[in-house]
Amino acid sequence: MLLGLGVDLLSLPRLQALIARRTAHRLAERICSPRELAAFASLPAKHPEPSTLKAQQLRFLASRWAAKEAAYKALPWPTGWGWKNLDLSYSVRGKPTLSLLPPQGRDAEAIARRRARKGDPQDGLDPARIELMLSLSHDGDMIVAAVVGQQLGE
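Numbering follows UniProt numbering, in which position 97 of the sequence shown is assigned residue number 97; successive positions increment by one, without gaps.
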C-alpha cells in the first residue's frame, strides 16, 4: 500500500549558514542515526585537508537533511519518532538507501508512555513493513531528495 511521496529541495548555502551557527558536529548529533554519526566522525581521517573536509561534511549533512525531510513528507509519522530513526546509506554501486529504524531504549519507553497518555496504543507504523525508496541529486548549490514510502504485506 502506498503511504506517500515526499520531495525536498535544499539550498547548500542555507545549510552552511545553519552549520556556521551550530557547528557541523552539533548538527550531525541532532539529525544523524548512530551509524551515520559514526560515519560522520570518520570523515576527518578520509579527508585531512580542511577545505575538503568542510565540503565533505556539508555534502554528508545535506544528503541526510534532504532525504529525511522528504521522508517526513512521505510518511505518517507517529508521536516521538525523529530524524535519528532514519538511516541513509549507500550500496556498493552508490545507490542511496533509506531505512526506518525503530526507537530504542529510553526513546521507545518514552513513546510508549506518550501513547498511553494520548490513548493511542497503536500508531500503525511497523518499521519492518515499511519500504522507503529514495532518489538524491546534487547540482551546484542545490540538492533534491524524493522519497516514496510503501507499507509491505497488505
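In this text, a Cβ means the ideal position worked out from N, Cα and C, and glycines have one as well.
Run of the alpha helix (DSSP H) containing residue i, from where it starts to where it stops
{"i": "Ser-42", "result": "Here Ser-42 belongs to no alpha helix (DSSP H), and DSSP marks it neither H nor E."}
{"i": "Leu-75", "result": "Looking at the DSSP string, Leu-75 is not in any alpha helix (DSSP H), and its letter there is neither H nor E."}
Span of the beta strand (DSSP E) around residue i
{"i": "Glu-131", "result": "130-139"}
{"i": "Asp-8", "result": "2-11"}
Opposing strand residues paired with residue i [DSSP bridges]
{"i": "Thr-97", "result": "Ser-89"}
{"i": "Ala-20", "result": "DSSP output for Ala-20 lists no bridge partner at all."}
{"i": "residue 157", "result": "Look at the range of the chain in this structure, 1 to 154, and you will see that residue 157 is not part of it."}
Separation of residue j from residue i, as counted between CA atoms
{"i": "Ala-39", "j": "Ala-20", "result": "21 Å"}
{"i": "Pro-96", "j": "Leu-134", "result": "6 Å"}
{"i": "Leu-152", "j": "Pro-50", "result": "44 Å"}
{"i": "Asp-141", "j": "Pro-13", "result": "7 Å"}
{"i": "Tyr-72", "j": "Gly-6", "result": "7 Å"}
{"i": "Pro-44", "j": "Arg-93", "result": "23 Å"}
{"i": "Gln-122", "j": "Ala-145", "result": "In this prediction, Gln-122 has a pLDDT of 47, which is less than 50 and means its spatial position is unreliable; what the coordinates show is noted afterwards. Between Gln-122 and Ala-145, the C-alpha separation is close to 29 Å."}
{"i": "His-47", "j": "Arg-59", "result": "13 Å"}
{"i": "Leu-136", "j": "Ser-63", "result": "7 Å"}
{"i": "Gly-149", "j": "Met-1", "result": "9 Å"}
DSSP-derived helix/strand/coil call for residue i
{"i": "Leu-152", "result": "coil"}
{"i": "Glu-29", "result": "helix"}
{"i": "Pro-127", "result": "helix"}
{"i": "Trp-81", "result": "coil"}
{"i": "Pro-50", "result": "helix"}
{"i": "Pro-34", "result": "helix"}
Residue i Cβ short of 8 Å to the ligand SAH heavy atom set
{"i": "Leu-5", "result": "This structure lacks the ligand SAH; in fact it carries no ligand of any kind."}
Rounded distance between the beta-carbons of residue j and residue i, thought under 8 Å
{"i": "Leu-3", "j": "Pro-103", "result": "The Cβ separation is near 19 Å, so there is no contact."}
{"i": "Glu-36", "j": "Leu-88", "result": "6 Å"}
{"i": "Gln-66", "j": "Leu-10", "result": "The amino acid occupying residue 66 in the given sequence is Ala; Gln does not appear at that position. Sure, about 4 Å apart at Cβ, within 8 Å."}
{"i": "Gln-57", "j": "Ala-17", "result": "Actually they do not touch by this definition, with Cβ atoms about 14 Å apart."}
{"i": "Leu-27", "j": "Leu-61", "result": "6 Å"}
{"i": "Ala-70", "j": "Asp-8", "result": "4 Å"}
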